[in-house]
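Chains as they are written, first to last, in the working numbering: chain D, 179 to 753; chain H, 21 to 339; chain W, 7 to 511; chain Y, 25 to 303. Even glycine gets a Cβ: it sits at the ideal position worked out from N, Cα and C. Source: prediction; values computed, not measured. Take a look at the structure below.
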Amino acid sequence: MTPLLRVRELKVGFGRKADANPVVKGVSFDLEAGQTLAIVGESGSGKSVTALSINRLVDFGGGKIVGGSMAFARPDGSVLDIASADESALTGIRGREIGMIFQEPMTSLNPVHTVGAQIEEAFRLNRGLGGAAAQAAAREALERVRIPDAAERLRYYPHQLSGGMRQRVMIAMALAGNPRLLIADEPTTALDVTVQAQIMALLAELKAELDMAMIFITHDMGLVAGIADQIMVMQQGEVVERGPTDAVLDSPQHAYTKHLLEAVPHFRGGAAVRTDRPAEGVRKPVVAVDGLTVRFPIGGGFLARKSGAIHAVEGVTFDLIAGETLAIVGESGSGKSTTARAILGLVAATRGAIQTAPGRSGRPVQMVFQDPFASLNPRLTVESLMAEPAIAAGQRVDARLRERMVFLLERVGLSAEALERYPHQFSGGQRQRLCIARALMLNPDVVVLDEAVSALDVSVQARVLDLLIDLQSEFGLAYLFISHDMAVVERIAHRVAVMYAGEVVEIGAASAVLSQPHHAYTRRLIAAVPEMERRRQRYDVDTTPVPSLIKPKGFEPQPAAWIEVGADHRARVEE
Amino acid sequence: MPYLARRLLTFPLILIGVSLLVFFSIRMIPGDAITAMLGTESGLLTPVQRQALAEYFGIDQPVLVQYGRWLSGVMQGDLGLSVTHGRPVLTIILERFPLTLELALLSMVIALGIGVPAGVLAATQSERPSDVTVRIIAMLGQSTPGFVVGLVIIYVLSVYFGFVPTMGSFVPIWVDPLANLAQLIFPAITLGFAFAASVTRISRASMLDVLSDDYVRTARAKGVPKLSVVWHHALPNALIPVVTLSGVEFGYLLGGAVIVEQIFALPGLGRLTLEAIGQRDYALVQGCVLFIAFNFLIVNLLVDLAYAALDPRIRLGAR
Amino acid sequence: MNKKISRTALAGMAAALLASASLALPAQAANLRLAWAQDATGLDPHAQTAFSSLRLLELIYEPLVRHDSALDVVPAVAESWEFSDDGQTLTFKIDPNAKFSDGAQVTSEDVKASFERLLDEATGAAARSNFLSIASIDAPDPATVVFNLSQPDAPLLVAMASINAAVVPAKAVTEGTVATTALGSGPFVLDSWEPNSREQLSVNAHWAGGDIAYDGITISVLPDETAILASLRAGQTDFALINDPLVATLVPNEPNLQLNAVPGLAYNVLQLNPSRAPMDKLQVRQAISCAVDRQDVLDTALVGEGKVTGPLTMPAYASDPSTLFCYEQDIEKAKALMAEAGVDGFSVKVIAATGEPPVASAEAQVLQSQLAEIGIKLEIELMELNVYVDRWLAGDFDMAVAQNGGRADPYPMYNRYFTKAGNLVKVSNFTDDEIDSLLQQGRVETDIAKRKEIFAQFEARLTELAPWVWLSTSNTYTAQLKTLSGFEPSATGTLFSLTKVTLGQ
Amino acid sequence: MRILKAIVAHPTGRIGAAIIAIYLLLAVCGYFGFTPHDPLQQFRVDRLKPPSSSYLMGTDLFGRDTASRLMAGIGQSFIIAFASVGLATLLGTIIGLLAGWWGGLLDGVFMRSMDMLLAFPAILLALLIIAIVGPGTATSVVAIAAVYTPIFARVVRGPVLTLKRRDFVDAARTFGSSQGYILSRHMLLNLVAPLTVQVTLALAWALLTEAGLSFLGLGTQPPAPSLGLMMSEARNLMQQAPWLLAFPGLTIMLGILGFNLFGDALRDILDPRSQGRSS
């Protein structure tokens, strides 16, 4: 039997000299009908380019197939070599036989057309439906991807839907043509973990229902475990390992696969928490947050009145103990970053107290931001960047200061030469190391790490986490570690606070919170985290909406009630 | 729509600022209505005669008193009386406005009609010969002074075709549409030439950006044919900068195209204003500037509304 | 071949457009289509002084007398006139056929009211200064009007030939509608006026001057003179006023067009300011006069259109320029005069108005280049007309390039500048006993031959003292389709002879 | 240096840079008098001569050498264009920066004043300034600058609003950096790219505006040559001496073309997206 897709020695390059320096350097694989192939790799591995080559969308990004073949079995039994097919043949195949969904649901839908119009177009093009039939089909498609009030939502524009909803619309659209192959390019990476679980569940369900083959691109081994039949691991444009899921996960052959499986944090349900917690006796809070509330007025400005407020953070209370890591976990919109920014004074607290113990320097609290590309001014040299905190503190840029820069740079794994260079000359991981070194310039007591490793590739993530743990003990730092990633939190946190819709719903020792979650949201959150051990597992499709943070003018929430779950573990009482 | 209301609220503020600026600066220019009317002969006037004329022209009072009087008139919709035309300022402006408006609209139609397709073509053929050709023509168009285009058009028309557009007075479209078109099409081409060039350049740039957006890739992934990708999916998203540019240009054109009006002898707002300055017809200058500024604000508002029409994120508010 | 076809096609298209355009104007066959670049600035015949206003008002109003094309005084509203022997009474007989366009008879009361309005300071008529010798006006009967003068005033009659002395209905004076409603006894009636756009005139059926061969005049204001030329060339304008000699010289190249050029009375002049050093020195002023090559200025800046002139531009009084002081460029003499004055080159600013006259900037540039030869450095300041007028009237300049209006008589032309009591002495900043007395003599002398002698002396002395450097007259131009006939250009620039024009086909 | 290299490598930017370089060279030659003839000298016997070996681009009404005047005129026009755009950039940047950074009432007042200037008809604004102060090079500069200042204020304010939300600005605030430090090092430095592009495009427009002002008799004062003035002097000689219009016209067009090509290339090079692509 011929496979659905047989790729041989695929080579793809970009630009004028596409042949000379291909990004994909000879990839081969077979995909049987109804099977799922996961392509795993980090950025630069060529996995996305491979995916975009299969329906030749790579052509529109300046890419060019420079070698190899892609034999695709058509429903009528003929075989088409996609690598050499012309554009009109490809237009006929796209959508109809090969569907695709992308990483960024926020930008992948056309903002000026309604969701309904976009799905209807897919039905019109690929099924020949028109008018009312297309509309009915679009409604059905939305229902099939579990969008409530489908008829109503057809009239919505993309921006009126949440990220998860949009990704469902994308799926509905991709499936409109009943394709026999679905390419999913990191479809959940940009989504919150609970939403990710829903999308994964949906994909698994639909795949089974439609007997469709799937190519699933991801960087997350944990996610792969749940869905793939076959795994192909890519590194720098080449396939380093390929085989059935269980074989690859349980007995990886290639060093890189092993590295991905071992070095990268995987969530283990509280079993991997740190055990180096400082002695119980000296639990002195360096930052005490009491009843922190941050609200952003809506409207307002020149000649305008305020109509209400976004209650971004509502009555948050916690202590950060010297030398400890407190992780704040939550999904987007939970208020975790706003909390961090309020502690740094970047946003004004509407009410509540933030007390900082006097520290080793004038500014005992420093911060490292999520995006190492955005948090370093691209127009300044590393030396200027590193000098800034000292200049702000009134120090002079002299040999002693430069000595400290070199010391810190070397401590975070960079060389002294770095001082002369500009941020764009560094990789993402190196830049984050720079940010960390800069945060340490003034010898702080507390470092707030706002999603500090989230933007990094998984293997880099692991190394930065290790560095952070080393620095913590060396410099006696307390970390306020903001993250959405349970696996990372499990690695670094001594204590965990879970935030949901602007409020802390559960807080306590990391081991307790992660292994015995009490609050319903915490449990839902933990259940959604993919685990290596949960292979081909069905996730539940759960569509609980997040409560709106927008409150009318003058709104005040009920005071919270707490329940003590354990010694250092308490949760909010649910209504 | 509170946003609209808020925008409208800033209008009087800006207009009062504009009126103050024009009211006092026009009076700072040497010469007054008397020298403008009599030229060097005004030197023959006796003081009594001069006073009589100053009274006649309404420039005998202190400037602040004049402004107060004028402003209170404006509040009641009275822009004053033009001393050179002997008629209400608003009447004169409203007589001249249809020409200016039509000329601006016609130029914009030409500019958009040529510029958008040319820009889209260039973007889809990026870096190919057709793109390079379009870009070079556009740059030449942008760099040719309007008066050169106008003078050449008139010269060619009169020498080779024995024809010039009706000059001096305006043939309104409701009187004779054909003659109206014959009169305005050439000035409109003169204005539309550079305008079309700008539109081409901006449509091309914007289209290039949009064509690399994710949703265009999505459209292709679902098998949308090339033409539909460009016109249905990409173009509506690429129009915002085009609207911005057209709005600014249109706003300027509504203020009158002085040079083109001069060359083609069209009685438009631009020349009216220029001549009013030349004749030191203060009330008329003030009226014109206020009217032009008001138009500009309205056009800006329309541009914002056009954004909303084009982009549902603006229309319905981003989440 | 291909080119030819497309050109024919385009021509066809243009013809179609043209046809549709001409449809827009109703019954234009009997209309004279006139174009000019500058429009009238107002309708009050007594108060308006701009050339453009006068050209329009001359078609609507009539004074008592007017100039013919030879600048002789001929009847208009008045059929005859007579000075008393002592020269202190001037009596007019009014043409019995003279009627205003509303059909009302022109009477002596109308004349009296008109002049009283002109003399009333509240009217703000600048021309009043020419009529100050009028002590009182009598209207003994409807057809007779008598002006009683406080002193003999020979040039008065010439002054009365100006449209500023137009006869308006007495009713309009009392009702105060002169400035707003044009109601005169001239050949045409103003039907509509859109300032700076167009005027529509129709023939005044009551006009006493005879029949006019067409029904009316449509005047279009085309601010750019190249557009006027294009419009003439395309046959869309019958008749046009042209100011810019650069444009005028193109007219004869067009097979269907005719240029009418006549030297005007106005004169181009470089005004020096003798109140400012070193122009206070006679030798310096004379040096400047000697250093200027007037023919060169004329040939370059005016492309040869016009002629070199002394102060007097009216043929009856003008001297042969070659007899005047230093009218041939003489650099050596100029340098010698400079040395004599002890001045070794200097810098001055010369003011000029933008586009008024069109050649002002060019004249300034040629003068700049010529005066550089004797070490005088001119810095040109071009400014908007009204700004210029403001500076000019205040006498606030070192030098000024000007085009000053001329009269058919020397006295009203120069008394304002060079008599001690002249209103514009602060502009000339120059008085001279002999000049003053010559002007006064010329004013009261009624004998033509004697007057010519007096003014020849005046002209010689003035050029020798060189407060100003007179350069040239400009031509007054009109351009017309060759199918038009009967127009006689006049040095005053009046378009009155349009009344004799036939349109032809 | 890096940018210069990138422009030389840019297919069309190279042409633009070459044009500008040639113009600058011509302008410098014009300024220091290395011209075929004195641009002001009137060879009045050789009036309105067509191009020949002695007068490469013919002569004008006064017998002045067009080629020499063009060389001097490029300098004059460029000085006006650079100075006016420079002034507009300076003022516009300060206003846009402060309005965007402080926001609130100041923003409202600043930007509404800019709206006021924008709403004021541009040519009229120039006209009023010139009529009040009198024409001349400095006045032209001020007048053109007044027209472009609000545009620059808007161009700057947009990026400032984005920049002030950027992480590196927040980072600077967590260090307690002063406002002056943040404005100069974090804001201004990052505004250089959008401003450079806008400046080159505005230069082209300023050249056109100068030509327009001269057409209306309000620009450079004779006999000093500027490209616009030369064209406006030539317009009534279009038939007798077409070279008088053609050469300055082509010079302006080519110059503007140069600025446009250069500006577009700069935009390509400085565009953060293209930067992302190349790194």
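Out of W:P69, W:N154 and W:E122, which has the shortest C-alpha to C-alpha gap to D92 (chain W)?
Nearest C-alpha to D92 (chain W): W:N154.
Opposite R181 (chain Y) in the DSSP bridges: which residues?
According to DSSP, which records beta bridges pairwise, R181 (chain Y) is partnered with nothing at all.
Rounded to a whole number of angstroms, what is the C-alpha to C-alpha distance between K105 (chain W) and Y67 (chain W)?
C-alpha separation (whole angstroms): 11 Å.
Is the CB of E364 (chain D) under 8 Å away from at least one CB in chain H?
So, not an interface residue.
Taking beta-carbon pairs under 8 Å, can you tell me which members of the segment 372-392 of chain W lie near chain Y?
Under the 8 Å Cβ criterion, the segment 372-392 of chain W contributes V372, Q374, S375, I386, E387, L388, M389 and E390.
Three-state secondary structure (DSSP) at N481 (chain W)?
Correct three-state label for N481 (chain W): strand.
Below 7 Å CB to CB, which residues in the same chain sit around D553 (chain W) once its five sequence neighbours on both sides are set aside?
Chain W is shown only over 7 to 511; residue 553 (chain W) falls outside these bounds and no answer can be derived.
Keeping to the same chain, check which residues put their C-beta closer than 7 Å to that of N210 (chain W); ignore five residues upstream and five downstream.
S107, G192, P193, F194 and V195, listed in sequence order.
Given that L204 (chain H) touches chain W, what residues does it touch there, using C-beta distances under 7 Å?
Residues of chain W passing the Cβ test: none, with the nearest at roughly 11 Å.
Should P289 (chain D) go down as buried or exposed, given a rule of 16 or more other Cβ atoms within 10 Å for buried?
By the neighbour-count rule (16 or more Cβ atoms within 10 Å), P289 (chain D) is buried.
Does any residue of chain Y have a CB that is nearer than 8 Å to the CB of D302 (chain W)?
Yes - at least one Cβ of chain Y is within 8 Å of the one on D302 (chain W).
Leaving aside the five residues before and after P730 (chain D) along the sequence, list all residues of the same chain whose C-beta is less than 6 Å from its C-beta, in chain order.
Counting only Cβ-Cβ distances below 6 Å, and skipping sequence neighbours, we find G486.
With a 10 Å radius around its C-beta and 16 neighbouring C-beta atoms as the bar for buried, classify K514 (chain D) as buried or exposed.
Label assigned to K514 (chain D): buried.
Return the CA-CA distance between L125 (chain H) and I222 (chain H), expressed in angstroms with no decimal places.
Taking the straight line joining both Cα atoms gives about 19 Å.
Could you spell out where the alpha helix (DSSP H) holding S226 (chain H) opens and where it closes?
Element bounds for S226 (chain H): P197 to L231.
Here's a check: name, in chain order, each residue in its chain whose Cβ is nearer than 6 Å to the Cβ of F102 (chain Y), leaving out the five neighbours to either side.
Contacts found: A51.
Quick one, which residues of the segment 143-164 of chain Y are near chain H if we go by CB-CB under 7 Å, in chain order?
Residues passing the 7 Å Cβ filter: A143, F144, P145, A146, I147, L148, L151, L152, A155 and I156.
For A300 (chain D), which residues in the same chain have their Cβ closer than 7 Å to its Cβ, ignoring the five residues on either side in sequence?
Counting only Cβ-Cβ distances below 7 Å, and skipping sequence neighbours, we find G273, M351, A354 and G355.
Starting from the beta carbon of L69 (chain H), find every residue of chain W whose beta carbon is closer than 8 Å, and list them in chain order.
Residue identity check: residue 69 (chain H) is Gln in the sequence provided, not Leu. Within 8 Å Cβ-Cβ: E127, A128, T129, G130, A131, A132 and R134.
Mind listing the chain W neighbours of R259 (chain Y)? Cutoff is C-beta to C-beta under 9 Å, in chain order.
Those within 9 Å of R259 (chain Y) in chain W are D230 and T232.
Rounded to whole angstroms, what's the CA-CA distance from I113 (chain H) to V85 (chain H)? Just pull it up for me.
Computed Cα separation, rounded: 25 Å.
In chain order, what residues of the same chain have a beta carbon less than 7 Å from the beta carbon of N279 (chain W), not counting five sequence neighbours either side?
If we look at N279 (chain W) and ignore the five residues flanking it on each side, its Cβ neighbours are M285, G401, F403, D404, M405 and N435.
Can you confirm whether G93 (chain W), when its beta carbon is compared against all beta carbons of chain Y, has any partner nearer than 8 Å?
Not closer than 8 Å to any Cβ of chain Y, the Cβ of G93 (chain W) fails to qualify, so no.
For the segment 412-452 of chain D, list the alpha helix (DSSP H) runs that are entirely contained and at least 4 residues long, ordered along the chain.
423-428 and 433-440, all fully within the segment 412-452 of chain D.
When you compare only the Cα positions, how much space is there between L515 (chain W) and L321 (chain H)?
It is not possible to answer for residue 515 (chain W), since the shown part of chain W is limited to 7 through 511.
Quick one: grab the DSSP three-state call for R148 (chain H).
Three-state result, R148 (chain H): coil.
Looking at the secondary structure, which residues open and close the beta strand (DSSP E) in which W42 (chain W) lies?
Residues N37 to W42.
Starting from K225 (chain D), trace the alpha helix (DSSP H) both ways and give me its first and last residue.
From DSSP, the alpha helix (DSSP H) with K225 (chain D) extends over K225 to I232.
If distances are taken between C-alpha atoms only, which option among W:L471, W:A188, W:E115 and W:T482 comes closest to C332 (chain W)?
Looking at the Cα atoms, W:L471 is the closest of the given residues.
DSSP beta-bridge partners for A107 (chain Y)?
Beta-bridge pairing links A107 (chain Y) to no other residue.
G243 (chain Y) to L554 (chain D), Cα distance in whole Å?
When rounded, the distance between both Cα atoms is 47 Å.
Roughly how many whole angstroms lie between the Cα atoms of D234 (chain H) and A679 (chain D)?
Each residue's Cα considered, the two are about 30 Å apart.
Can you grab the Cα-Cα spacing for the pair M564 (chain D) / R616 (chain D), in whole Å?
Going by the C-alpha atoms only, they are around 5 Å apart.
With distances taken Cα to Cα, identify the nearest neighbour of G57 (chain Y) among Y:L225, Y:G97 and Y:L285.
Checked all of Y:L225, Y:G97 and Y:L285; the closest Cα to G57 (chain Y) is Y:G97.
Rounded to the nearest angstrom, how far is the Cβ of T372 (chain D) from that of R702 (chain D), given a contact under 8 Å?
Contact flag correct, Cβ pair sits at about 6 Å.
Would L256 (chain W) pass as a contact of L235 (chain W) if the rule is Cβ separation under 8 Å?
Yes; because the gap between Cβ atoms is below 8 Å, this pair is in contact.
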